[in-house]
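Position 653, counted from 1, in the sequence shown is what the working numbering calls 747; the numbers after and before it change by one each time, with no gaps.
We put the CB at the ideal spot given by N, CA and C, even for glycine.
Just so you know, these numbers come straight off a predicted model, no measurement behind them.
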Amino acid sequence: MSDAIEYELKGDIAVLRANNPPVNALGHAVRTGLIAGLERAEAEAKAVLIVGAGHTYFAGADIKEFGKPLREPGLPGVCTRIENSPLPVISAIHGTALGGGLEVALGTHYRIAVPSAKVGLPEVHLGILPGAGGTQRLPRVIGAEKAIEIITSGRHVGAAEALELGILDEVEEGDVETIGLAYAQRILDAGLGPRPVGQMPRPAPVDFDSAHVAAMKRGRGQIAPATAIRSIEGACHYDITEGLEHERALFMTLFNSPQREGMVHAFFNERAVSKLPELKGVEPRALKAIGVIGGGTMGAGIAVAALLAGLDVTMVERDAEAAKAGAARVNVILQGSVKRGKLSQSKYDAIMASGFRALDSYDALSEADMVIEAAFEEMGVKKAIFAELDRVCKKGAVLASNTSYLDVNEIAASISRPRDVLGLHFFSPAHVMKLLEVVVADETAPDVVATGFALGKALRKIAVRSGVCDGFIGNRILKTYRSCADHMIMDGASPYEIDKAMTDFGFAMGPYEVADLAGLDIGWATRKRLAPTRDVRERVARYADKMCEAGNFGQKTGKGYYVYEAGKRGGTPNPEVIALIEAERADLGVTAQDFTHEDIQRRYMCAMVNEAAMVVDEGIARRPLDVDMVLLFGYGFPRHWGGPLKWADLQGLEGILADIKRYALADDFFWQSSALLERLVAAGKTFDDLNNGDTV
Ligand code: CAA
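Next comes the structure, spelled out in structure tokens:
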């Protein structure tokens with residue numbers, strides 16, 4: 095027996111208890127233990143109960159084994175071995191039975207769960223499909239249509255729904271092993287034997303072609319969900335043995351695909367990114383009462399995020415009227431949460447009664463543990479606010495600015511307690527977006543950094559450490575790839591071709607759709623701000639200024655790169671934009687060149703990777719994975735590529751560097767290759783090597 099599966103004979107029932115913390119992943123030792131336990135049980139017991147120790151049943155295959163040579167026994171063989179047992183095998187489920195975990199459960203003959211349990215096949219989120227019988231057994235139990243929905247969404251299905259669907263046979267309150275044993279005894283008492291799902295009739299076919307087309311469209315380049323549909327289709331045509339072979343073949347194509355590597359990179363690093371080695375053993379400061387300066391869109395979003403996390407929030411505005419407007423914004427968002435069932439009415443009532451207040455006096459912040467300033471982006475304004483905070487806040491209060499690009503060092507240096515100051519860069523809408531950049535200034539104390547990360551955790555955000563520079567990690571890289579897109583427009587591409595190429599790459603929206611949504615006045619203000627210090631060699635799109643000068647700021651004015659009609663979703667290309675671009679090309683004497691879809695994607699991505707490499711080299715991001723998580727959670731980067739630097743590794747750094755040098759032949763000001771990229775290529779290393787502690 096392996097230690098990962100404990101064996102205990104209780105009367106006629108052999109209990110196989112998984113003990114592989116933290117989530118009872120089905121690693122090699124667990125698989126071996128299951129087979130050995132089954133063999134022993136078949137020699138001395140009348141039924142077998144499979145259950146998890148700790149807080150869960152099997153949460154899936156061991157993802158850490160992915161990419162390593164597969165070791166026998168494989169999970170499909172384990173599930174088939176369980177299914178073919180001459181003894182009735184029962185699963186008792188608590189916590190989560192996910193992926194391979196649910197596949198083991200479907201290999202067993204009877205399934206009982208506690209009401210809080212969840213089941214699901216989330217493999218598509220790892221770039222693969224359920225490869226241990228999930229696409230064959232689940233449709234036999236619940237039909238092809240429902241199986242398609244559950245497998246392609248990867249969602250967690252609650253016990254009550256799983257019972258209704260027939261995935262579970264019984265749901266019962268109580269200690270999971272106790273209810274499992276009692277259920278197994280009832281099965282024995284009733285004289286019931288094995289009930290293999292694999293021997294159930296094949297499910298009726300559905301319109302798989304339409305489902306496949308829809309999944310490809312929804313996936314925006316992600317192939318796993320559509321491939322899973324083809325595997326489910328096999329269940330309707332093949333017996334279980336052939337169906338499992340078909341599933342295995344499709345599984346292996348996905349398993350060996352770069353998308354699987356990208357998705358697994360995202361899975362581990364969204365968990366790793368907030369665990370900073372430098373914060374080991376550093377205790378965060380107390381965090382209960384939060385102050386928010388400013389009741390605009392950002393301030394209100396931050397206040398709501400904090401309130402939903404159970405924190406006490408005091409909002410401060412410049413006068414009573416502005417405070418009232420800020421409170422109203424908070425109220426509208428919270429009421430929306432109640433309507434959507436995200437917040438209970440009683441919690442809403444409690445928040446409004448005592449958890450939240452909006453006032454017009456800084457003195458209200460004297461007891462705040464942390465104050466987040468979300469006021470106008472102007473250094474003078476920020477400094478005046480921080481001077482007030484310095485005056486009223488208690489000793490040890492963390493003083494944070496939500497600035498998107500201003501120098502946090504300068505803000506910190508302007509008050510008497512620079513060690514308490516950091517940047518907390520939220521993304522709009524702040525109560526929805528997952529990313530939080532924790533901007534660490536030169537003097538920021540370690541426990542203040544730890545408190546920034548503690549806030550991120552409390553708000554269930556992905557918190558990423560950033561150093562200080564214009565735009566921090568995300569907006570700095572954005573500025574570069576947006577400039578690259580603008581250059582392509584000046585040289586012959588249209589905004590619509592670029593948006594199409596990048597949504598085909600997997601972004602939810604193209605850069606010009608995003609610009610229209612965010613408001614073109616934001617980029618305009620940035621261009622004006624940077625104009626005095628701009629290098630004369632920098633190419634800047636004048637046509638974009640002309641759009642703004644004409645009062646076209648995107649969606650909010652009904653016109654930008656696209657024209658928006660009231661009541662209609664999305665926009666249609668604005669012909670005036672093409673005319674402005676053509677006029678500018680004529681002014682500059684530029685002859686428009688053709689850009690293919692692939693040219694656009696490649697240039698855009700090379701610009702992103704090159705700037706990202708510089709951000710890492712300068713220490714603004716400590717590791718490549720920090721950049722990857724910022725782009726994934728703040729900028730809509732497609733998860734199946736894992737992030738821009740994972741994408742770069744998967745494409746090959748040598749080719750990327752060669753392309754950057756080729757682009758530099760025409761514009762050696764914009765295309766200056768990153769020294770880090772050069773060193774990595776010279777050493778034959780990858781960005782992931784740096785994530786793993788390597789240096790170049
Ligand atoms: N394999 C290896 N490690 C895993 C794991 C898995 N399947 N699932 C979770 N872990 C690790 C996490 O990386 C984390 O490690 P660290 O503490 O070192 O960061 C630890 O377990 C705890 O995980 P969470 O922080 O995510 O804990 P949680 O309580 O918030 O969530 C969970 C628990 C819902 C199980 C969540 O971890 C999860 O969704 N896990 C993945 C489940 C999954 O995708 N299963 C399918 C695997 S693929 C498969 O089974 C394919 C097949 O058919 C062959």
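So residue i and residue j are in contact, right, with Cβ under 8 Å, and what is the actual spacing, rounded?
{"i": "VAL492", "j": "ASP463", "result": "7 Å"}
{"i": "ALA468", "j": "GLY390", "result": "7 Å"}
{"i": "PRO378", "j": "THR545", "result": "4 Å"}
{"i": "LEU220", "j": "PHE361", "result": "6 Å"}
{"i": "GLY248", "j": "GLY214", "result": "7 Å"}
{"i": "ALA298", "j": "ALA238", "result": "7 Å"}
{"i": "ALA191", "j": "TYR151", "result": "5 Å"}
{"i": "SER508", "j": "PHE480", "result": "6 Å"}
{"i": "GLN279", "j": "ILE129", "result": "Their Cβ separation, rounded to whole angstroms, is 25 Å, which puts GLN279 and ILE129 out of contact at 8 Å."}
{"i": "VAL208", "j": "ALA153", "result": "Not confirmed; about 15 Å, so no contact."}
Assign residue i to buried or exposed, taking buried as 16 or more other Cβ atoms, counted over all protein chains shown, within 10 Å of its Cβ.
{"i": "PHE763", "result": "exposed"}
{"i": "SER448", "result": "exposed"}
{"i": "ARG412", "result": "exposed"}
{"i": "GLN353", "result": "buried"}
{"i": "ALA320", "result": "buried"}
{"i": "LYS162", "result": "exposed"}
{"i": "PRO115", "result": "exposed"}
{"i": "LEU164", "result": "exposed"}
{"i": "LEU759", "result": "exposed"}
{"i": "SER368", "result": "buried"}
{"i": "ALA199", "result": "buried"}
{"i": "ASN668", "result": "buried"}
{"i": "GLU795", "result": "Residue 795 lies beyond the stretch modelled for the chain, which goes from 95 to 790, so this question has no answer here."}
{"i": "PRO589", "result": "buried"}
{"i": "VAL526", "result": "exposed"}
{"i": "GLU197", "result": "buried"}
{"i": "VAL307", "result": "exposed"}
{"i": "SER185", "result": "buried"}
{"i": "VAL543", "result": "buried"}
{"i": "HIS188", "result": "buried"}
{"i": "PRO290", "result": "buried"}
Start and end of the beta strand (DSSP E) containing residue i?
{"i": "GLU100", "result": "99-104"}
{"i": "GLU531", "result": "529-533"}
{"i": "PHE520", "result": "515-520"}
{"i": "ARG386", "result": "Per the sequence shown, residue 386 should be read as Val rather than Arg. 383-387 is the extent of the beta strand (DSSP E) around VAL386."}
{"i": "MET409", "result": "406-410"}
{"i": "ARG379", "result": "No beta strand (DSSP E) contains ARG379, which DSSP labels as neither H nor E."}
{"i": "PHE450", "result": "450-453"}
Just grab the DSSP bridge partners of residue i for me.
{"i": "TYR656", "result": "PRO667"}
{"i": "ALA808", "result": "Summary: the structure shown does not reach residue 808, with the chain confined to residues 95 through 790, and so no result is reported for it."}
{"i": "THR818", "result": "With the chain covering 95 to 790 only, the question about residue 818 has no answer from this structure."}
{"i": "VAL124", "result": "DSSP output for VAL124 lists no bridge partner at all."}
{"i": "ILE556", "result": "LEU529"}
{"i": "ARG205", "result": "SER185"}
{"i": "MET464", "result": "ILE384, VAL492"}
{"i": "ILE144", "result": "LEU110, SER185"}
{"i": "ALA155", "result": "LEU120"}
{"i": "GLU264", "result": "ILE206"}
{"i": "VAL251", "result": "VAL213"}
{"i": "GLY648", "result": "LYS653"}
Just to confirm the assignment, what range does the alpha helix (DSSP H) spanning residue i have?
{"i": "SER577", "result": "566-585"}
{"i": "ARG636", "result": "636-643"}
{"i": "ILE694", "result": "691-711"}
{"i": "ALA507", "result": "502-507"}
{"i": "ARG365", "result": "352-366"}
{"i": "GLY439", "result": "The sequence given here has Gln at residue 439, not Gly. From DSSP, the alpha helix (DSSP H) with GLN439 extends over 439-444."}
{"i": "THR347", "result": "334-349"}
{"i": "MET473", "result": "473-486"}
I want to see whether chain D comes within less than 8 Å of residue i, judged by CB atoms only; does it?
{"i": "ASP156", "result": "The structure shown contains no chain D, having only a single protein chain."}
Below 8 Å, can you find three or more Cβ-Cβ pairs linking the segment 645-656 to the segment 606-613? yes
The segment 396-406 touching the segment 556-571, judged by at least three CB pairs closer than 8 Å: no
Decide if the segment 677-687 is in contact with the segment 552-559; the criterion is three or more beta carbon pairs, one per stretch, under 8 Å apart. no
Counting pairs of Cβ atoms below 8 Å between the segment 429-437 and the segment 335-355, do you hit three or more? no
Can you find at least 3 beta carbon pairs, one from the segment 681-698 and one from the segment 500-519, that sit closer than 8 Å? no
Validate contact between the segment 771-787 and the segment 739-751 using beta carbons, cut 8 Å, 3 pairs: yes
Between the segment 574-591 and the segment 660-675, can you find at least three pairs of beta-carbon atoms closer than 8 Å? yes
Does the segment 725-733 come close enough to the segment 380-389 that 3 or more CB-CB pairs lie under 8 Å? no
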